[in-house]
Amino acid sequence: MMVAELKQQVLMQKASSTRTMKRISNSFHGTSVGFVPTMGYLHEGHMSLVKQSLSTCDHTVVSIFVNPIQFGANEDLDVYPHDLEGDIEKLESAGVDVLFQPHRETIYPKGFKTYVQVDEITDQLCGTSRPGLFKGVATVVLKLFNIVRPQHVFFGEKDWQQLAVIETMVRDLNLDISVHRVPLVREPDGLAMSSRNLNLSAEDRQKALSLSRSLEDAKEKIRQGTTAASQLKQSMKDRITAESGMQIDYISICDPISLQEIEEVKGRTLIALAVKIGSSRLIDNCIVKD
Ligand code: AMP
Numbered sequence: 043m044m045v046a047e048l049k050q051q052v053l054m055q056k057a058s059s060t061r062t063m064k065r066i067s068n069s070f071h072g073t074s075v076g077f078v079p080t081m082g083y084l085h086e087g088h089m090s091l092v093k094q095s096l097s098t099c100d101h102t103v104v105s106i107f108v109n110p111i112q113f114g115a116n117e118d119l120d121v122y123p124h125d126l127e128g129d130i131e132k133l134e135s136a137g138v139d140v141l142f143q144p145h146r147e148t149i150y151p152k153g154f155k156t157y158v159q160v161d162e163i164t165d166q167l168c169g170t171s172r173p174g175l176f177k178g179v180a181t182v183v184l185k186l187f188n189i190v191r192p193q194h195v196f197f198g199e200k201d202w203q204q205l206a207v208i209e210t211m212v213r214d215l216n217l218d219i220s221v222h223r224v225p226l227v228r229e230p231d232g233l234a235m236s237s238r239n240l241n242l243s244a245e246d247r248q249k250a251l252s253l254s255r256s257l258e259d260a261k262e263k264i265r266q267g268t269t270a271a272s273q274l275k276q277s278m279k280d281r282i283t284a285e286s287g288m289q290i291d292y293i294s295i296c297d298p299i300s301l302q303e304i305e306e307v308k309g310r311t312l313i314a315l316a317v318k319i320g321s322s323r324l325i326d327n328c329i330v331k332d
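The opening position of the sequence shown corresponds to residue 43 in our numbering, with each subsequent residue numbered one higher.
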């Protein structure tokens, strides 16, 4: 029997307390541990991170934790989708070793006072409209790293800015962790996979296709010679707002590392956007190569 087959027959361990998770981490001493932090309601995008961890590391830990401190007052914390049973089934059949699913009080006990702030790259894109987002993300991710103690962590390029924040934190705080970037996974019609897509009505789901299509249009225009960021942004905006009820949060054409806006597309460039459709805020991005 293949090692992978044998592995799938071993029951996934579950931990909800820090103590249990640390005990399991200790038992993995001397092996390579891969970690995939998520907020649950798992889809193929999440599972591509999981698969990469499974093929890279001896053990894979996945966390499900909807982190309250990264949500603003009027955001969708209370309606964030969840399906724990479905998630467990997916993780178990993939061969994941451990699910860490801590309670809120476990991560933020009474009297919690310490936060991680990554400067500058958090000032653009999503950081502008969601001011506490990356402080919340960096704080919870560092806490999860300290509890799980992985050597490898896997994050999706769907959340490009988040990846930049994690990479910066890992570098600046001298963490002995390799951050693996995993490409964005889309639905067959181009919509970027997201747990939040669940909250879209059928009509809004259709309108949401204008996000990925506007990115494709911009890429095509660049291929045909357009370089002015303002012109590209305007045509993306026109494409998206051709649908009713679309509220553009930002369209950014920027350097993929510093996330600073650029005026002319010359080398490798990130095009990123966030749009509110009904009560859902969706993000998407693409890279334009040299
Ligand atoms: P979330 O549960 O939305 O916090 O996402 C957990 C991880 O999955 C993050 O590293 C995300 O970037 C990644 N992820 C979410 N959606 C996708 C997707 N469509 N493609 C690739 N990675 C994704």
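Don't be surprised by glycine CBs; every beta carbon is placed ideally from N, CA and C.
Quick check on DSSP: helix, strand or coil for residue i?
i, result
"residue 272", "helix"
"residue 307", "coil"
"residue 220", "strand"
"residue 139", "coil"
"residue 159", "coil"
"residue 191", "coil"
"residue 278", "helix"
"residue 288", "strand"
"residue 250", "coil"
"residue 313", "strand"
"residue 186", "helix"
"residue 198", "strand"
"residue 172", "coil"
Assign residue i to buried or exposed, taking buried as 16 or more other Cβ atoms, counted over all protein chains shown, within 10 Å of its Cβ.
i, result
"residue 188", "exposed"
"residue 218", "exposed"
"residue 157", "exposed"
"residue 287", "exposed"
"residue 234", "buried"
"residue 116", "exposed"
"residue 97", "exposed"
"residue 301", "buried"
Once the 5 residues before and after residue i are set aside, which same chain residues still bring their CB inside 6 Å of it?
i, result
"residue 256", "278, 281 and 282"
"residue 74", "99, 100 and 193"
Going along the chain, which residues of its own chain have a beta-carbon closer than 7 Å to the beta-carbon of residue i, five neighbours each way excluded?
i, result
"residue 293", "275, 278, 279 and 315"
"residue 208", "183, 197 and 221"
"residue 123", "83, 237, 240 and 241"
"residue 55", "66, 139 and 140"
"residue 134", "54"
Check whether chain D comes within 8 Å of residue i, counting only Cβ atoms and requiring the distance to be less than that.
i, result
"residue 208", "Of the protein chains in this structure there is only one, and it is not chain D."
If you compare alpha carbons, which of the options is closest to residue i?
i, options, result
"residue 89", "162, 319, 106 and 232", "106"
"residue 231", "290, 258, 299 and 223", "258"
"residue 226", "108, 78, 242 and 91", "91"
"residue 161", "201, 71, 173 and 109", "173"
"residue 112", "266, 206, 93 and 180", "180"
If I measure Cβ to Cβ from residue i and keep anything under 8 Å in the same chain, skipping five residues before and after, which residues do I get?
i, result
"residue 271", "295, 303, 304, 305, 306 and 307"
Next on the checklist: To test your reading of the DSSP string, which unbroken alpha helix (DSSP H) runs of 4 or more residues are found completely within the stretch 46-129?
Outcome noted: 60-69 and 86-98
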